[in-house]
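So the number in my numbering is just where the residue sits in the sequence shown, counting from 1, plus 1.
Just so you know, even glycine gets a beta-carbon here, dropped at the ideal spot from N, CA and C.
Bear in mind the structure is a predicted one, so any value in this text is a computation, not a measurement.
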Amino acid sequence: MNKDYTSELDLHASSFDNTDIPALDSKTANQLLNNVFNACDMEPSTIPVEVLEDWGNYKKTTFGFGRTLAYLCTLLLILMPLLFIKPTIIAERTKVDSAQSAVYNIRVKTLLPIREVTADLDGHPIALTKKDTHTYTAEVTSNGTLTIHAEGMNAQTSLRSYKVSSLDTEKPKLLDSYSRHGVVYLDVSDTYSGINYDAISGLVPKSINKKTGTISFMIPKQPTTIKIPDNAGNELELLLSPVKK
Numbered sequence: 002m003n004k005d006y007t008s009e010l011d012l013h014a015s016s017f018d019n020t021d022i023p024a025l026d027s028k029t030a031n032q033l034l035n036n037v038f039n040a041c042d043m044e045p046s047t048i049p050v051e052v053l054e055d056w057g058n059y060k061k062t063t064f065g066f067g068r069t070l071a072y073l074c075t076l077l078l079i080l081m082p083l084l085f086i087k088p089t090i091i092a093e094r095t096k097v098d099s100a101q102s103a104v105y106n107i108r109v110k111t112l113l114p115i116r117e118v119t120a121d122l123d124g125h126p127i128a129l130t131k132k133d134t135h136t137y138t139a140e141v142t143s144n145g146t147l148t149i150h151a152e153g154m155n156a157q158t159s160l161r162s163y164k165v166s167s168l169d170t171e172k173p174k175l176l177d178s179y180s181r182h183g184v185v186y187l188d189v190s191d192t193y194s195g196i197n198y199d200a201i202s203g204l205v206p207k208s209i210n211k212k213t214g215t216i217s218f219m220i221p222k223q224p225t226t227i228k229i230p231d232n233a234g235n236e237l238e239l240l241l242s243p244v245k246k
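What follows is the structure, given as structure tokens:
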């Protein structure tokens with residue numbers, strides 16, 4: 002008997018699970034809700050069931066969409082400043098005492114990846130050596146205006162210019178020359194790096210006056226080329242010839 006009773010219960014349960022519960026109309030649902038409140042000794046609900054259903058539907062769809070839209074707007078507001086951030090260019094010169102070349106260490110500060118960094122000297126391109134993601138070096142061998150251009154992935158650009166000076170790219174100048182008693186005197190000058198008297202070649206100087214820049218040589222018997230360099234390696238070449246009697 003117990004076995005048959007159990008089978009009957011299982012059959013009823015299975016039949017109940019497979020049966021769709023019919024939808025209640027608003028009037029019946031309100032009456033059922035009020036009965037529940039009365040059974041619990043609570044005041045009847047003043048909010049109709051259809052209002053609760055409408056709010057539930059709104060919360061499921063409209064509110065969910067609004068919340069997603071709010072998240073997207075918040076994210077956009079957070080990321081918006083990144084669209085207008087410009088790279089910051091910082092360049093520091095090394096080899097300050099060098100009269101031959103100036104080397105600049107260039108750093109580009111930005112929160113975004115860098116698309117391009119270029120440099121030019123008075124409009125002529127300068128090669129850059131990339132050290133890491135945001136650091137470059139540039140070597141300049143002449144005076145002028147060094148302009149550095151950086152562009153971020155957000156298409157924002159920055160320009161920074163530096164005045165390059167004190168590079169000696171000119172050879173020493175001959176100011177005056179004269180001869181006396183078989184000796185030729187040369188007055189020379191170099192504005193930037195100065196004369197490298199120890200590197201004079203072609204003839205051995207007879208005398209050197211560093212204060213006045215006067216160098217003397219014995220007049221050679223054959224035409225001889227002498228070279229007078231400055232400390233940057235630029236050379237003044239002069240041809241000394243015998244004096245015709």
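- With respect to the 8 Å criterion, Ser-159 and Ile-90 are classified as neighbours on the basis of their beta carbons.
- Contact annotation: Thr-142 and Asn-235 have beta-carbon atoms that are not nearer than 8 Å.
- In the three-state DSSP reduction, Leu-160 falls in the strand class (E or B).
- Within the DSSP secondary-structure output, Val-118 pairs in a beta bridge with Ala-151.
- Cβ-Cβ distances below 7 Å link Met-154 to Leu-113, Pro-114 and Arg-116 in the same chain, with the five nearest sequence neighbours on each side left out; the list follows chain order.
- With the rule of 3 Cβ pairs closer than 8 Å, the segment 175-186 does not count as touching the segment 77-84.
- DSSP places Glu-171 in no beta strand (DSSP E); its state is neither H nor E.
- In this structure, the CA atom of Leu-122 is about 10 Å from the CA atom of Lys-164.
- Taking the Cα positions, His-135 is about 7 Å away from Lys-110.
- With a cutoff of 8 Å on beta-carbon distance, Ala-100 and Ser-167 are scored as near each other.
- The alpha-carbon of Asp-188 is positioned some 29 Å away from that of Val-97.
- At least 8 Å separates the beta-carbon of Ile-196 from that of Ile-149.
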